[in-house]
Amino acid sequence: MKIRVSAEIRHTESPEKVKRALKNVFIPVSLVVRTHSNGLILVTESNKPYSLKKLHYLLRKQLILDSAREYLKRGIAGTKITFYLHKQAAYAGIVSFCSVPEKESPLGPIKFEIYCKSEEDIEKLLNWLAPRTVRGRPVNEQKSPPDP
């Protein structure tokens, strides 16, 4: 598994605040600021599912497993999941998915790209991160992240 998370740092934004937003929803191994066509971009990569533990926790705390599962499923393409979180909400420690990132997140979203070895591994990740629910309660919830 390879996880890549990135967020554009706009000219009007503080790089430290963008780092905080990212760290509120993801446990980075390291953070790198790179030059991008529109300015700067903050990038982190990990091969450890544990890096998604904050997101895992927030989805449960906010009671949004069903909607999170739907957003994540929409972002599946083969062995990759792509989804976007609202950067300003993440700064406040809140998960808010973006359907149309450029319109819903005026300062740009936080982009997650998760690459797995197989479609089966994608399904395992989805079932750990945002399991199916019955009456709002997770069904067959896995206690530890998959280790594909």
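If you're matching positions, the sequence shown starts at 40 in the numbering used here and goes up one per residue. Note that CB positions come from ideal geometry on N, CA and C, so glycine has one too.
Cβ neighbour criterion (16 or more within 10 Å) applied to A116
For the purposes of this step, residue 116 is taken as residue 77 along the sequence shown, with counting starting at 1. With fewer than 16 other CB atoms across the displayed protein chains lying within 10 angstroms of its CB, A116 is exposed.
Once the 5 residues before and after A129 are set aside, which same chain residues still bring their CB inside 8 Å of it?
Locating residue 129 in the sequence shown gives position 90, where the first residue counts as 1. Here the set comprises A60, L61, N63, V64, S135 and I149.
Residues near Y123 by beta carbon distance below 6 Å, same chain, minus five either side
By one-based count along the sequence shown, residue 123 stands at place 84. Here the set comprises C137, P140, P148 and K150.
Cα-Cα separation between V178 and P88, rounded to whole angstroms:
Residue 178 sits at position 139 when you count from the first residue of the sequence shown. Residue 88 sits at position 49 when you count from the first residue of the sequence shown. Each residue's alpha carbon lies about 20 Å from the other.
If you draw a straight line from the alpha carbon of S30 to that of K142, how long is it in whole angstroms?
Any property of residue 30 remains undetermined from this structure, which presents the chain solely from 40 to 187.
Residues near G132 in its chain [Cβ-Cβ closer than 6 Å; skip 5 each side]
Here residue 132 is taken as the residue at index 93 of the sequence shown, counted from 1. Result list for G132: N63, in chain order.
Quick check: what's the CA-CA separation for L102 versus R176?
Your numbering for residue 102 matches position 63 in the sequence shown. Your numbering for residue 176 matches position 137 in the sequence shown. So the two alpha carbons sit approximately 9 Å from each other.
Taking just the CA atoms, how far does R113 sit from R99?
For this step, residue 99 is matched to residue 60 along the sequence shown. For this step, residue 113 is matched to residue 74 along the sequence shown. Cα-Cα distance, rounded: 20 Å.
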